[in-house]
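3 is the number of the first residue of the sequence shown in the working numbering; add one for each residue after it. Below is one structure; the comments refer to it alone.
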Amino acid sequence: MSDKSNDGTSNSRTSSYRTKNCRIGNSRSSDARSSDSGGSGAGKGVTRRTALGRGAGVAAIGAVSALAGAVSGSPAAAAGPATRANTSAPAAGALPRSVAGVRIPTSELAVKTAQFVRSVSSVTLYNHVMRTYLFGSLLCDRRGVPYDRELAFVAAALHDLGLVTAYRTPDERFEVDGADAAQRFLREQHMSAERVAVVWDAIALHTNAGIAARKRPEIAMVSVGSGVDFSGNELDRIPPDTLEEILAAFPREGFKQDALDNILSLCRTKPMSVLLHPFAEVGRRHLPDFPVPTVEDLLLAAPFEE
């Protein structure tokens, strides 16, 4: 049975929700203008190439560095054990009923999904996908956007399966790998084809905020929630005490370095999967002789005489 944020909300969403979706994540574009910081010495200012990469949908590594102080310098970063019972880190196989006022669905599907993701992911990645749900739900709830809570939770929980080695293919983007792996899992759980399709889209589009924000709420909020956790987009909309509770329930556990390692792993092992992807900028910065062409290279190499 679907666990919904508003009673009586149907699974099919009308186009009127798309207007609200656009309001969830549009501030990401302004955050993406943050300048590159130190890094490995290669990021001296923002290049045209970096700007193109950021415009594709996720903040580049420079944006994470620029916003690092907002997270690491907050009271939440130094928080000790949670003061509320339902915000303590859950025991293996268990989920808190709510965190920071955000309900976590308790349906059989939601529980099985969380258990599955926990079993195949590192603690760092698992905590990231849980925070993605919490941040996305929190922002939707504060704006009064109706959505299917179970569907949103499942999509958020499964959205980074493409970073798990067992689900990587040799050539596909990690978002597509993750969407395909989630689809297989959910079909085994006998989820309807219509709902599986929503999850597939949410995962495949989560790094492209400009498109995801125009889709139904469950799709938009995975992109928005992961953006909050990845680069701090819209972090200023999260009250400090709420952020503290979320980070106490699901600590970051070195997420920045883990995310960078995952990106570089993709760049090394299947570089053409990041063609025209923002992750390619990380490969160019860190990996000598990175083989992936830029969009300019592709344009100028087109076989036309002009």
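Don't be surprised by glycine CBs; every beta carbon is placed ideally from N, CA and C.
1) Can you tell me where the alpha helix (DSSP H) with Phe187 in it begins and where it stops?
2) Do the segment 180-189 and the segment 209-228 touch if we need at least three Cβ pairs shorter than 8 angstroms?
3) Could you name the residues of the same chain whose beta carbon sits closer than 8 angstroms to that of Asp173, not counting the 5 residues immediately before and after it, in chain order?
4) Where does Val101 fall in DSSP's three states?
5) Would DSSP call Val122 helix, strand or coil?
6) Just the Cα atoms here: how many angstroms apart are Arg170 and Val122?
7) Quick check on DSSP: helix, strand or coil for Leu277?
8) Put Asp243 into one of helix, strand or coil per three-state DSSP.
9) For Asp291, count neighbouring C-beta atoms within 10 Å of its own C-beta (all shown protein chains included) and say buried if the count is 16 or more, exposed if not.
10) Rounded to whole angstroms, what's the CA-CA distance from Ala158 to Thr134? Just pull it up for me.
11) Decide if Glu283 is buried, meaning its Cβ has at least 16 other Cβ atoms within 10 Å, or exposed.
12) Rounded C-beta distance between Met223 and Gly164? I'm assuming under 8 angstroms.
13) In chain order, what residues of the same chain have a beta carbon less than 7 angstroms from the beta carbon of Thr115, not counting five sequence neighbours either side?
14) How about Ile248 and Val113: do their beta carbons lie closer than 7 angstroms?
15) In three-state terms, what does DSSP make of Glu236?
16) CA-CA distance, Arg286 and Leu97?
17) Starting from Asp299 and walking both ways along the alpha helix (DSSP H), at which residues does that stretch end?
18) Among the residues of its own chain, which have a CB less than 7 angstroms from the CB of Ala181, if the five just before and after it don't count?
19) In this structure, how does DSSP classify Val147 when only helix, strand and coil are distinguished?
20) To the nearest angstrom, how far is it from the Cα of Arg151 to the Cα of Ala251?
21) Is Gly256 buried or exposed, if buried means 16 or more other CB atoms sit within 10 Å of its CB?
22) Residue range of the alpha helix (DSSP H) that Ser267 falls in?
23) Rounded to whole angstroms, what is the Cα-Cα separation between Val147 and Ser233?
24) What do you reckon, are the CB atoms on Asp179 and Val131 nearer than 7 angstroms?
25) Tell me which residue opens and which closes the alpha helix (DSSP H) that Ile205 is part of.
26) Measure how close the beta-carbons of His288 and Leu266 come, nearest whole angstrom, since I'm counting them as under 8 angstroms.
27) Under three-state DSSP, which class holds Lys217?
28) Within 10 angstroms of the Cβ of Thr126, are there 16 or more other Cβ atoms? Answer buried if so, exposed if not.
29) For Ser32, which residues of its own chain have a beta-carbon under 6 angstroms away from its beta-carbon, when the five flanking residues on both sides are left out?
Answer, in terms of the structure:
1) Membership of Phe187 in the alpha helix (DSSP H) is indicated by the continuous run 176-190.
2) Because the criterion of three Cβ pairs below 8 angstroms is not met, the segment 180-189 and the segment 209-228 do not touch.
3) Excluding residues within five positions, the ones whose Cβ falls inside 8 angstroms are Lys272, Met274, Ser275.
4) Reduced to three states, the DSSP call for Val101 is strand.
5) Residue state, collapsed to three classes: helix.
6) Near 13 angstroms, if we compare the C-alpha coordinates of Val122 and Arg170.
7) Coil, per DSSP.
8) Three-state DSSP puts Asp243 in a helix.
9) Looking at its Cβ environment, which holds fewer than 16 other Cβ atoms inside 10 Å, Asp291 is exposed.
10) Here the C-alpha atom of Ala158 lies approximately 6 angstroms from the C-alpha atom of Thr134.
11) Counting Cβ neighbours within 10 Å, Glu283 comes out buried, since at least 16 surround it.
12) Rounded, the Cβ-Cβ distance is 19 angstroms, inconsistent with contact.
13) Here the set comprises Val156, Ala159, Leu160.
14) Their beta carbons are not under 7 angstroms apart, which means Ile248 does not touch Val113 by this criterion.
15) If DSSP states are grouped into helix, strand and coil, Glu236 belongs with coil.
16) Approximately 40 angstroms between the Cα atoms of the pair.
17) From DSSP, the alpha helix (DSSP H) with Asp299 extends over 297-303.
18) Within the same chain, Trp202, Ile205, Ala206 come within 7 angstroms of Ala181 by CB-CB distance, once the 5 residues on both sides are set aside.
19) In the structure shown, Val147 sits in coil (DSSP, three-state: anything other than H, G, I, E or B).
20) Their backbone Cα atoms lie some 19 angstroms apart in a straight line.
21) With fewer than 16 other beta carbons inside 10 angstroms of its own, Gly256 counts as exposed.
22) Note, Ser267: alpha helix (DSSP H), 257-271.
23) If you take the alpha carbons of Val147 and Ser233, they lie about 23 angstroms apart.
24) Judged by beta-carbon spacing, Val131 lies beyond the 7 angstroms limit of Asp179, meaning their Cβ atoms are not closer than that value.
25) That run of the alpha helix (DSSP H) goes 195-206.
26) Contact check for His288 and Leu266: beta-carbon distance about 6 angstroms, within the 8 angstroms limit, so the pair qualifies.
27) Of the three classes helix, strand and coil, the one that applies to Lys217 here is coil, per DSSP.
28) Classification for Thr126: buried.
29) In this predicted model, Ser32 has a pLDDT of only 34, less than 50, meaning its place in the structure is not dependable enough to derive any value.
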